[in-house]
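Here's the structure, in structure tokens; my notes come after.
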Amino acid sequence: MEKGPFSVEWLAQSSRDGAREMLAGEGRVPASIPPSVPADTSREREAAERSSPTHEVGLVGAAPGRSRTKFSAAQLRELERSFREQRYIGAGEKRRLAAALNLSQSQIKTWFQNRRMKFKRQTQDAR
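Structure follows, in structure tokens:
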């Protein structure tokens with residue numbers, strides 16, 4: 005079977021070659037490495053990032069320019085109260101909490117997701 009210009013094999017080969025040429029142009033991959041050998045695995049990159057001197061503990065995977073939200077005691081009390089009443093928050097309650105606590109609806113949604121996971125871990129550990 006002939007490989008057409010847009011076959012899966014052709015696209016895979018051309019994307020590998022293109023990425024390899026781009027990395028070689030940046031000096032990250034020696035041009036002598038054959039195309040069939042992956043130049044850098046994601047685990048190797050992650051290990052290098054962890055050991056780099058500019059790496060800050062606790063910020064792995066954090067969005068650039070976005071710091072972790074520190075909730076005040078009053079915000080946490082209200083969020084926990086709402087969570088005790090209902091583990092899944094509706095759109096209206098989310099809007100109300102966001103306005104009352106001066107947080108975004110996205111922050112409220114994320115807090116509830118994280119709190120459900122914490123609740124799940126706590127209940128599984130108690131067994």
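The opening position of the sequence shown corresponds to residue 5 in the working numbering, with each subsequent residue numbered one higher. Note that CB positions come from ideal geometry on N, CA and C, so glycine has one too. Keep in mind it's a predicted model, so treat the numbers as computed, not measured.
Using only CA atoms, which one of G69, G96, A102 lies nearest to L83? A102
Contact check, F116 vs I93, beta carbons under 7 Å: yes
If you draw a straight line from the alpha carbon of K124 to that of S11, how long is it in whole angstroms? 45 Å
Helix, strand or coil: how does DSSP classify R100 here? helix
Alpha carbon of R99 to alpha carbon of Q109, nearest angstrom: 6 Å
Could you check what DSSP says for S11 in three-state terms: helix, strand or coil? coil
Any idea what DSSP makes of L105, helix, strand or coil? helix
Taking only three categories from DSSP, how would you classify F75? In this structure, F75 counts as coil in the three-state DSSP scheme.
I need the DSSP call for Q90, collapsed to helix, strand or coil. Q90 sits in coil when the DSSP states are folded into three classes, being neither helix nor strand.
Where G105 and E97 are concerned, what is the direct C-alpha to C-alpha distance, given to the nearest angstrom? First, the amino acid is wrong: residue 105 is Leu here, not Gly. Spanning the two alpha carbons is a distance of roughly 12 Å.
For R70, the three-state DSSP class (helix, strand or coil): Coil at R70, not helix or strand.
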